[in-house]
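Note that the protein sequences, when read in sequence, are chains A and B. Just so we're aligned, residue 1 is where the first sequence starts under my numbering, counting upward by one. Just so we're aligned, residue 245 is where the second sequence starts under my numbering, counting upward by one.
2 protein chains.
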Amino acid sequence: MTGSLRIVGLGPGDEALVTPQVSKALDDATDILGYTPYVARIAPRAGLTLHASDNREELARAKAGLEIAARGGRAVIVSSGDPGVFAMASAVFEAVEGEPQWHDLDIRVLPGITAMLAAAARIGAPLGHDFCAINLSDNLKPWALIEKRLKLAAEADFAIALYNPRSASRPDGFARALDVLKEAGTGDRLIVFARAVSSPQERIEVYRVGDAPAERVDMRTLVIVCNSATRRAGRWLYAPRRVS
Amino acid sequence: MTGSLRIVGLGPGDEALVTPQVSKALDDATDILGYTPYVARIAPRAGLTLHASDNREELARAKAGLEIAARGGRAVIVSSGDPGVFAMASAVFEAVEGEPQWHDLDIRVLPGITAMLAAAARIGAPLGHDFCAINLSDNLKPWALIEKRLKLAAEADFAIALYNPRSASRPDGFARALDVLKEAGTGDRLIVFARAVSSPQERIEVYRVGDAPAERVDMRTLVIVCNSATRRAGRWLYAPRRVS
Numbered sequence: 001m002t003g004s005l006r007i008v009g010l011g012p013g014d015e016a017l018v019t020p021q022v023s024k025a026l027d028d029a030t031d032i033l034g035y036t037p038y039v040a041r042i043a044p045r046a047g048l049t050l051h052a053s054d055n056r057e058e059l060a061r062a063k064a065g066l067e068i069a070a071r072g073g074r075a076v077i078v079s080s081g082d083p084g085v086f087a088m089a090s091a092v093f094e095a096v097e098g099e100p101q102w103h104d105l106d107i108r109v110l111p112g113i114t115a116m117l118a119a120a121a122r123i124g125a126p127l128g129h130d131f132c133a134i135n136l137s138d139n140l141k142p143w144a145l146i147e148k149r150l151k152l153a154a155e156a157d158f159a160i161a162l163y164n165p166r167s168a169s170r171p172d173g174f175a176r177a178l179d180v181l182k183e184a185g186t187g188d189r190l191i192v193f194a195r196a197v198s199s200p201q202e203r204i205e206v207y208r209v210g211d212a213p214a215e216r217v218d219m220r221t222l223v224i225v226c227n228s229a230t231r232r233a234g235r236w237l238y239a240p241r242r243v244s
Numbered sequence: 245m246t247g248s249l250r251i252v253g254l255g256p257g258d259e260a261l262v263t264p265q266v267s268k269a270l271d272d273a274t275d276i277l278g279y280t281p282y283v284a285r286i287a288p289r290a291g292l293t294l295h296a297s298d299n300r301e302e303l304a305r306a307k308a309g310l311e312i313a314a315r316g317g318r319a320v321i322v323s324s325g326d327p328g329v330f331a332m333a334s335a336v337f338e339a340v341e342g343e344p345q346w347h348d349l350d351i352r353v354l355p356g357i358t359a360m361l362a363a364a365a366r367i368g369a370p371l372g373h374d375f376c377a378i379n380l381s382d383n384l385k386p387w388a389l390i391e392k393r394l395k396l397a398a399e400a401d402f403a404i405a406l407y408n409p410r411s412a413s414r415p416d417g418f419a420r421a422l423d424v425l426k427e428a429g430t431g432d433r434l435i436v437f438a439r440a441v442s443s444p445q446e447r448i449e450v451y452r453v454g455d456a457p458a459e460r461v462d463m464r465t466l467v468i469v470c471n472s473a474t475r476r477a478g479r480w481l482y483a484p485r486r487v488s
C-alpha cells in the first residue's frame, strides 16, 4: 500500500467554498489531522481516524501526518483558508527537510480560498491593485520586523491584509500596528474589519485607519487596510485598476 | 424577474479547483461574459448566452453585465483565478460608482483560487511567510510605481508574486524588474517560474534571481520571488514559519 499526504485548505468556513479537489482528498483519507476547530468540520465515518490537536502543535502534527503516509496511510492535514498562507504547508516541509526518508513521499498541497480573498469579495475589490499580506502574530518573528514591514507596505501604498491581528495572548499588537500605520501617514485610508467571513456570524465593518476601534478585532477577524486610491461605489469598496 | 450579477473566479484552469459556489452560479446563469479564453471553459447549453470579448474590454464588459442584471437576467462575469486579484471585480465597481441606479443591484463577488496560491502549492510553501503581489503590467500604472514597489518589497523581504510578468506588447518589463530586484540585493534569492499551473502544459522552474532567464516567462507564467529565508526540502521550497 502506497501512502500519501495531502495538505489541504478548507476555505474560510462555507462548505460551498471547498474545492472539489479538496473534497475528494477528504473522502479518500484514512486519517485527517488538524487544529481542533478545523477537524470539527469533518464528518466522522467508518475507516476514518480524526486527529485533533492544539494550534501550537503544528510541527508535531506535520510529523504525525508524514509518519502515517510513510506507513501506507492516506493522511490529510487540514488548514482553514489556504494551507500555504500562514498555515500548515510550511510546517510540513520544515519537518520533511531534515528527514531524507520522507523526501520521496507522495505529498501534495491542495490550495484553498484564503481569508483575504473571501473578505475582499464581501466588500467589493479592495485587493484589485497591488497588495501584501502580513501575519501580525509575533510568536515566531520579532515585533520589530512586523513594524518594519508595515512601514514599508504603507510607503509602497499596498493594500495590506492583516492575518491573526489580535488574540487573547496578544491583546495589544493590533493597536500598535494601527499606530505604526498612522505614523506612516495612512490615517485617512479605509480599513475593513471582516469577521467570520462566510459563516453565520459574519460581520463586516469599515472605518478609517485613524479612528478604527482596535478592540473590535479578534482572531476570527481578517483586516484589510485599503490603498490610498480606494473608492466607494454605493455599499462597495474597490481599488481602481488605473493609478497615476 | 429580479436580476443579478455574479463576478466569479474560475481558478487557474483545473475544473477540480472551481468552488461549488461558482459552479452553481454558472449553472444558474442566463448570460456569461468574459475574456474569450475564459468563456471558452464554459459548456454551451440551451438558455445560456455566452459573451466573449477581448482582454482590453474590461469596462465595457462590466457595463454589459450590469445592464443584463438590471434588465432581470442572471449575469455572470468570469475571471481566471480570483475575480478580485487583478481581474474583473474592480472594473465592475468602477462601472457601478457613477451610476446610482446600479447601486442596489444584487451583486456578489465569488472568490476563486488565484494563480499565486496554485503556483505556491505546486512547489511547496513559498508564501508561508509575509508576502506581496504585484501586477507587472504598466498598461494602467506608471512603470516608476512598479519599480518603487519592487524595491520596497525587496527591502521588506516579502516573498513577491508577480502577475502578468511579460507579454508580446511588453517584452522587456520582466527583465527590467529582475534588474531592479538584483540592484535591491536579492540576487541570491530563489525565484519560481510557474507556467500554466494545473493545466496539461504546466511547467515549474526554479532559479536564483541573479541568473533567471527572463525570456522563459510569458503571460501564462506566475513568478514567485522567494524571501531570503526560503529553504529547500528535497524537491520542495518553503518559507520557514520562524524568522529571527
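The beta carbon of each residue, even a glycine, is placed where N, CA and C say it ideally should be. Here the structure is a predicted model, which means the values were calculated and not measured.
Limits of the alpha helix (DSSP H) - the one that B/A388 falls within:
W387 to E399
At a CB distance below 7 angstroms, what residues from the region 100-128 of chain A approach chain B? Give them in sequence order.
H103, V109, L110, P111, I113, T114, L117, A118, A120, A121, G124, A125, L127 and G128
What are the boundary residues of the beta strand (DSSP E) that includes B/F418?
Here B/F418 belongs to no beta strand (DSSP E); instead the alpha helix (DSSP H) covers G417 to E427.
To the nearest angstrom, report how far apart B/D382 and B/D271 are at their CA atoms.
36 angstroms
For A/S167 and B/I286, the rounded distance between their alpha carbons
44 angstroms
Considering only DSSP beta bridges, list what A/E97 is partnered with.
The partner list for A/E97 (beta bridge, DSSP) is empty, contrary to what the question assumes.
I need the boundaries of the alpha helix (DSSP H) containing A/D28, first residue and last residue.
P20 to D28
Per DSSP, the bridge partner or partners of A/W236
A/A233
Using CA atoms only, rank isn't needed, just tell me which of A/N55, A/R56 and A/I77 is closest to A/A64.
A/I77
What is the C-beta distance between B/G356 and B/G253, in whole angstroms, given that I count them as a contact (C-beta under 8 angstroms)?
2 angstroms
Does DSSP put B/I357 in a helix, in a strand, or in coil?
coil
Opposite A/E67 in the DSSP bridges: which residues?
Partner(s): none; A/E67 has no beta bridge.
At 7 angstroms on the CB atoms, spell out the chain B contacts of A/I134, in chain order.
D374
For A/T19, which residues in chain E fall below 8 angstroms Cβ to Cβ?
Among the protein chains in the structure shown, which are A and B, there is no chain E.
Assuming A/R176 contacts A/R189 under a Cβ cut-off of 8 angstroms, what Cβ separation, rounded to an integer in Å, is found between them?
That pair is no contact at about 17 angstroms.
Using the rule of at least 16 other Cβ atoms within 10 Å of the residue's Cβ for burial, across every protein chain shown, is B/H347 buried or exposed?
exposed
Please report how far the alpha carbon of B/I535 lies from the alpha carbon of B/H373, in whole angstroms.
In the structure as shown, chain B starts at 245 and stops at 488, and residue 535 of chain B therefore has no counterpart that could be examined.
Count the other CB atoms within 10 Å of the CB of A/G201; is the residue buried (16 or more) or exposed (fewer)?
For clarity, residue 201 of chain A is Gln in the given sequence; the question names Gly instead. Classification of A/Q201: exposed, given that the 10 Å Cβ count is below 16.
Give me the subset of the region 297-310 of chain B whose CB atoms are less than 7 angstroms from a CB atom of chain A, sorted by chain position.
none
Hey, is A/S79's beta-carbon within less than 8 angstroms of any beta-carbon in chain B?
no
List the residues of chain B that A/S167 touches, going by C-beta distances under 7 angstroms, in chain order.
Result: empty, since nearest Cβ-Cβ is about 16 angstroms, beyond 7 angstroms.
Where does B/V329 fall in DSSP's three states?
coil
If A/S4 and A/A62 are in contact, beta carbons under 8 angstroms, what's the gap, nearest whole angstrom?
With 8 angstroms as the limit, A/S4 and A/A62 do not qualify as a contact, their Cβ atoms being about 15 angstroms apart.
If you draw a straight line from the C-alpha of B/F330 to the C-alpha of A/T30, how long is it?
39 angstroms
Three or more C-beta pairs below 8 angstroms linking the region 181-196 of chain A and the region 150-159 of chain A:
yes
Closest Cα partner of A/S80 within the set A/P126, A/L105 and A/L110:
A/L110
Check whether the Cβ of A/P240 lies closer than 8 angstroms to any Cβ atom in chain B.
yes
Specify, as a first and last residue, the run of the beta strand (DSSP E) that A/V76 falls within.
R74 to S79
Would B/A483 and B/P370 qualify as a contact pair, given that the criterion is a beta-carbon distance under 8 angstroms?
yes
Going along the chain, which residues of the region 135-147 of chain A sit with their C-beta nearer than 8 angstroms to a C-beta in chain B?
N135, L140, K141, P142 and L145
Residues sharing a beta bridge with A/L127, DSSP
DSSP output for A/L127 lists no bridge partner at all.
Hey, quick one: how far does the beta strand (DSSP E) through B/V450 stretch, first residue to last?
R447 to R452
Determine the burial state of B/Q265: buried for a count of at least 16 other Cβ atoms within 10 Å of its Cβ, exposed for fewer.
buried
Apart from the five residues just before and just after A/G210, which ones in its own chain have a Cβ nearer than 7 angstroms to its Cβ?
K182, G187 and D188
For B/L292, tell me which candidate among B/A377, B/N299, B/R300 and B/V283 has the shortest Cα-Cα distance.
B/V283
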